[in-house]
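Counting along the sequence shown from 1, when you hit position 97 you're at 282 in this note's numbering, and nothing is skipped either side. Glycine included, C-beta positions come from ideal geometry on N, C-alpha and C. Note that the structure is predicted; figures quoted are calculated from it, not measured.
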Amino acid sequence: MAQADISIFKNADDGHFRRAASSYRDVIEKGGRFEPEKDRYHLYVSYACPWAHRTLIVRRLKGLEGLISASVVSPRMGKDGWPFNDADSFPGADVDTINHAQHVKDLYHKASSDYSGRFTVPILWDKKNDTIVNNESSEIIRIFNTAFNEFIPEEYAKLTFYPESLKKEIDELNEWVYDTVNNGVYKSGFATTQEAYQQNVVKVFESLDRLEKILEGKDFLVGGQLTEADIRLFTTTIRFDPVYVGHFKCNIRTIRGGYPNINRWMKNLYWNYPAFKDTTNFDHIKTHYYWSHPHINATRIVPVGPIPNIEPLSS
């Protein structure tokens, strides 16, 4: 059986999963190497990946779909990593018409022939210089938040998901949510000892308990408005019941059964904001996790449930 690209699954001797840092960290700015321009940049994503999902949401919210094109990989990540549709045909996946790559790893090797890091998505690609600008989702969403405002209608340009007055509060929340929730589910699921698993899964639910209190009577996490804090948390919670509860053994509670405030907040974003709903593909999400990690799920059987993947807004 083909093994998934293990470059993202690095565990220390103590059984703890530790995620390596992203390799490309440039910005798009006037006067820099990468100038803001129309139709210069391309986004490579997976619908399955929560990190890539962040970038798709902000791209949609900011009205950038006509400026920044995108390609979606197949969710079935195998021995060569993420494949494009001509290497692994899957509904909703694309052929790479920009670089004609078969796999995401081809893009990294094109950008740097001696590249030896992880072959991850998202990738923000510069079509003019044939190279990668950035592959760190937290930075890509901030690039999208401001870098192209001069090219989009005022209704989109005036939107900001990282407002100056809320930056400190957003940064503080993002820090512990990333460590214990966004990455916490991975640290639970990829743990290779009982002790490492239990240490991390308890932290996941302690932070969910904390978020449940924060969201009591609120539609948004920070400042009474939609910010990147909501976007970053959403891409984990929307995957929680369909994937992380079972596949990553985060089964102390479900979102729908144990966290009414988080569930209400998540459903509001999904059902009332097309940028969230239209970029969420449960088929890609469930197929990726259950198919691509044979060291966790050797049979590659994808579960039918939960039904529904997300509850109706009224429930």
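The beta carbons of Leu358 and Ala286 sit no closer together than 8 Å. Counting other Cβ atoms within 10 Å of its Cβ, Ile328 reaches 16 or more and is therefore classed as buried.
With respect to Ala272, His294 sits apart: the two C-beta atoms are not nearer than 8 Å. Burial is judged here by how many other beta carbons sit within 10 angstroms of a residue's own beta carbon; Lys352 has fewer than 16 and is exposed. Nearest to Arg218 by C-alpha distance, out of Lys313, Pro268, Thr472, is Lys313. Closest by C-alpha distance to Phe346, out of Trp361, Asn453, Ile326, is Ile326. Counting the other CB atoms within 10 Å of its CB gives Ile486 a total below 16, which places it among the exposed residues. In the same chain as Val243, and ignoring 5 residues on each side of it, the C-beta atoms closer than 7 Å to its own belong to Ile326, Phe329, Asn330, Phe346, Ile416, in chain order.
Asn319 is not a Cβ neighbour of Tyr229, given a cutoff of 8 Å. When DSSP reads this structure, Tyr226 sits in a beta bridge with Asp311. Put simply, of Val362, His473, Phe419, Ser477 the residue whose alpha carbon is nearest the alpha carbon of Trp456 is Phe419. In this structure, the straight-line span from the alpha carbon of Met451 to that of Ser301 is close to 37 Å. Of all alpha-carbon atoms in Glu349, Lys223, Ile447, the one lying nearest the alpha-carbon of Phe405 is that of Ile447.
Counted as a single uninterrupted DSSP element, the beta strand (DSSP E) harbouring Val318 occupies residues 316 to 319. Under DSSP, Val407 forms a beta bridge with Gln410. The DSSP-derived three-state label of His478 is coil.
Within the DSSP secondary-structure output, Pro497 pairs in no beta bridge.
Leaving aside the five residues that flank Tyr341 on each side, the residues in its chain whose CB is nearer than 6 Å to its CB run, in chain order, Lys247, Gly248. In terms of Cβ geometry, Asp426 and Pro348 do not form a close pair [threshold 8 Å].
Counting along the chain, the unbroken beta strand (DSSP E) around Val257 starts and ends at 254 to 257.
In this structure, DSSP gives His288 an extended state, which the three-state scheme calls strand. Each of Tyr226, Arg239, Val280, Ser297 was checked against the Cα of Thr412, and the nearest Cα belongs to Arg239.
Taking all protein chains in view, the Cβ of Val386 is crowded by 16 or more other Cβ atoms within 10 Å, so the residue is classified as buried.
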